[in-house]
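Chemist:
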Amino acid sequence: MKKLLSIALAGIMMLGIVGCGGSAAPEESAETPDTEAAAALTGTEGKLIWGTNAAFEPYEYMEGDEVIGIDAEIADAIAAKLGLEAQVENMDFDAIIPSVQTGKVDIGLAGMTVSEERLNNVNFSDTYVEAGQAIIVKEGSDIKSAADLKDKVIGVQRGTTGDEYVSDEANGVAPASVERFANGPDAAQSLLTDKIDAVVIDNEPAKKLVENSEGLVKLDENLTSEQYAIAVSKDNEALLEAINGALKEMKDNGELQAILDKYLNAE
Ligand code: GLN
């Protein structure tokens, strides 16, 4: 804890130093101190580049050539609070963490669940939503609960916690096989054409997939209990702290809840 604190302090001090460097030209620093501090946060010229997989409605999805959804609004709100401009980078889900690690993107914001394994590679912000895995089947399927997934062909999105849940023998799902898709809509399409027996995917995206494709139903059961958070490079403690500050403000002033209410179905 103490170590974390001192790293954070070092980060803040470094920001201070960058700020002071700028103030060698007094007229400039008087006008733009915040911009300089903000630019130092990401090192991408005033941008907050967020990596995501925009096929995960309601969190991130395409409308024309724009990425919209809960995470898109969170990215915009956080960027605004930090004096940065949000810019999205759309990629496969399993490319997001490597992209955060290499600095191709500043953050991963993708309905991403905090997990022990991922924490080996990135830091996570405070959590911003509770989620879980759900099962989608075709109408009239004999799969009525998780126990019925045994010996069935299950579709998942590659590299997700849903993939992990059905693939990890310790969870006892015991499927005949696991088919890994690039995204949820591809898995749903495969289910509709009877190539697979069920899809396991996050609860809210499962609702949207069922809404968007006739003939599919979501079972009520939740298989897991998960928390979404924002992935940040382990090398950028200052950005992590800044994001947590922005998230806290959004939680405290109701901004986050308003975004969630806009996109999530009322229960
Ligand atoms: N929450 C899941 C995970 O983190 C799925 C995220 C996603 O597909 N965008 O693995």
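443 is the number of the first residue of the sequence shown in the numbering used here; add one for each residue after it.
Ideal placement from N, C-alpha and C gives every residue a C-beta, glycine not left out.
1. Would you list, in sequence order, the uninterrupted beta strand (DSSP E) runs of no fewer than 3 residues that lie entirely inside the stretch 489 to 539?
2. State the DSSP-derived secondary structure class of residue 585, mapped to helix, strand or coil.
3. Just checking residue 569 against ligand 2 - is the residue's beta carbon closer than 7 Å to any of the ligand's heavy atoms?
4. Given the structure, does residue 426 come close to ligand 1, in the sense that its CB is under 7 Å from one of the ligand's heavy atoms?
5. Reducing DSSP to helix, strand and coil, say where residue 705 ends up.
6. Work out the CA separation of residue 683 and residue 467 for me, nearest whole Å.
7. I'd like to check one pair, residue 501 with residue 512: are the Cβ atoms closer than 8 Å?
8. Between the beta-carbon of residue 681 and the beta-carbon of residue 484, is there less than 8 Å?
9. Go to residue 670, then tell me how far its beta strand (DSSP E) extends in each direction, as first and last residue.
10. Mind reading off the beta-carbon distance from residue 579 to residue 661? Whole number of angstroms is fine, and I expect it under 8 Å.
11. Hey, could you find the ends of the alpha helix (DSSP H) residue 619 is sitting in?
12. Which same chain residues end up closer than 7 Å to residue 521 when comparing Cβ atoms and leaving out the 5 residues on each side of it in sequence?
13. Hey, how far is the Cα of residue 613 from the Cα of residue 688?
14. My assumption, with CB atoms under 8 Å, is that residue 644 sits in contact with residue 700. Please give the rounded CB distance.
15. What are the boundary residues of the beta strand (DSSP E) that includes residue 658?
16. Please classify residue 603: does DSSP put it in a helix, a strand, or coil?
17. To which residues of the same chain is residue 615 closer than 6 Å at the C-beta, ignoring the five residues directly before and after it?
18. At the level of alpha carbons, what is the spacing between residue 475 and residue 547?
19. Would you mind working out which of 692, 585 and 618 sits nearest residue 663, comparing C-alpha positions?
20. Out of 569, 706 and 576, state which residue places its alpha-carbon closest to the alpha-carbon of residue 692.
21. Opposite residue 575 in the DSSP bridges: which residues?
22. Just grab the DSSP bridge partners of residue 565 for me.
23. Measure how close the beta-carbons of residue 494 and residue 539 come, nearest whole angstrom, since I'm counting them as under 8 Å.
24. Can we count residue 495 as close to ligand 1, meaning its CB is less than 7 Å from some heavy atom?
Modeler: Here's the rundown:
1. 489 to 494, 502 to 505, 508 to 510 and 527 to 532
2. By one-based count along the sequence shown, residue 585 stands at place 143. The answer is coil: DSSP assigns residue 585 none of H, G, I, E or B.
3. Among the ligands in the structure shown, ligand 2 does not appear; only ligand 1 can be found there.
4. The chain is shown only over 443 to 709; residue 426 falls outside these bounds and no answer can be derived.
5. On the sequence shown, position 263 is the one that residue 705 refers to. Helix.
6. Along the sequence shown, one-based indexing puts residue 467 at 25. Along the sequence shown, one-based indexing puts residue 683 at 241. Because the pLDDT of residue 467 is 43, which lies under 50, any placement of that residue in the model is unreliable, and the number read from its coordinates should be weighed accordingly. Cα to Cα, the separation comes out at about 28 Å.
7. Position 70 of the sequence shown, counted from the start, is the residue given in the question as residue 512. Position 59 of the sequence shown, counted from the start, is the residue given in the question as residue 501. Yes.
8. For this step, residue 681 is matched to residue 239 along the sequence shown. For this step, residue 484 is matched to residue 42 along the sequence shown. Yes. Within cutoff.
9. In the sequence shown, the residue the question calls residue 670 occupies position 228. Element bounds for residue 670: 668 to 670.
10. Looking up residue 579 in the sequence shown gives position 137. Looking up residue 661 in the sequence shown gives position 219. So it is a contact: roughly 7 Å between Cβ atoms.
11. Translated into positions along the sequence shown, residue 619 becomes position 177. Run containing residue 619: none in the alpha helix (DSSP H); it sits in the beta strand (DSSP E), 619 to 623.
12. Within the sequence shown, numbered from 1, the residue matching residue 521 stands at position 79. Within the same chain, residue 521 has close Cβ partners 490, 527 and 528.
13. As a position in the sequence shown, residue 613 is number 171, starting the count at 1. As a position in the sequence shown, residue 688 is number 246, starting the count at 1. Spanning the two alpha carbons is a distance of roughly 36 Å.
14. In the sequence shown, counting from the first residue as 1, residue 644 sits at position 202. In the sequence shown, counting from the first residue as 1, residue 700 sits at position 258. Not quite, the Cβ-Cβ distance comes to about 21 Å (not below 8 Å), so this is no contact.
15. Taking the sequence shown and counting its residues from 1, the one referred to as residue 658 is at position 216. Start and end: 658 to 660.
16. On the sequence shown, position 161 is the one that residue 603 refers to. In this structure, residue 603 counts as helix in the three-state DSSP scheme.
17. As a working note, residue 615 is residue 173 in the sequence shown. Excluding sequence neighbours, residue 615 sits near 591 and 608.
18. In the sequence shown, the residue the question calls residue 475 occupies position 33. In the sequence shown, the residue the question calls residue 547 occupies position 105. Low confidence applies to residue 475: its pLDDT is 46, below 50, so where it sits in the model is not reliable, and the reading given next is rough at best. When rounded, the distance between both Cα atoms is 24 Å.
19. As a working mapping, residue 663 is identified with position 221 in the sequence shown. The option with the nearest alpha carbon to residue 663 is 585.
20. Locating residue 692 in the sequence shown gives position 250, counting from the first residue. Residue 569 is the option with its Cα nearest to residue 692.
21. Residue numbering aside, residue 575 sits at position 133 when the sequence shown is read from its first letter. In the DSSP output, where bridge partners are listed per residue, residue 575 has 644.
22. The residue you call residue 565 lines up with position 123 of the sequence shown. Beta-bridge pairing links residue 565 to 674.
23. Here the question's residue 494 lines up with position 52 in the sequence shown. Here the question's residue 539 lines up with position 97 in the sequence shown. Not confirmed; about 12 Å, so no contact.
24. Residue numbering aside, residue 495 sits at position 53 when the sequence shown is read from its first letter. Yes, the beta carbon of residue 495 sits closer than 7 Å to at least one heavy atom of ligand 1.
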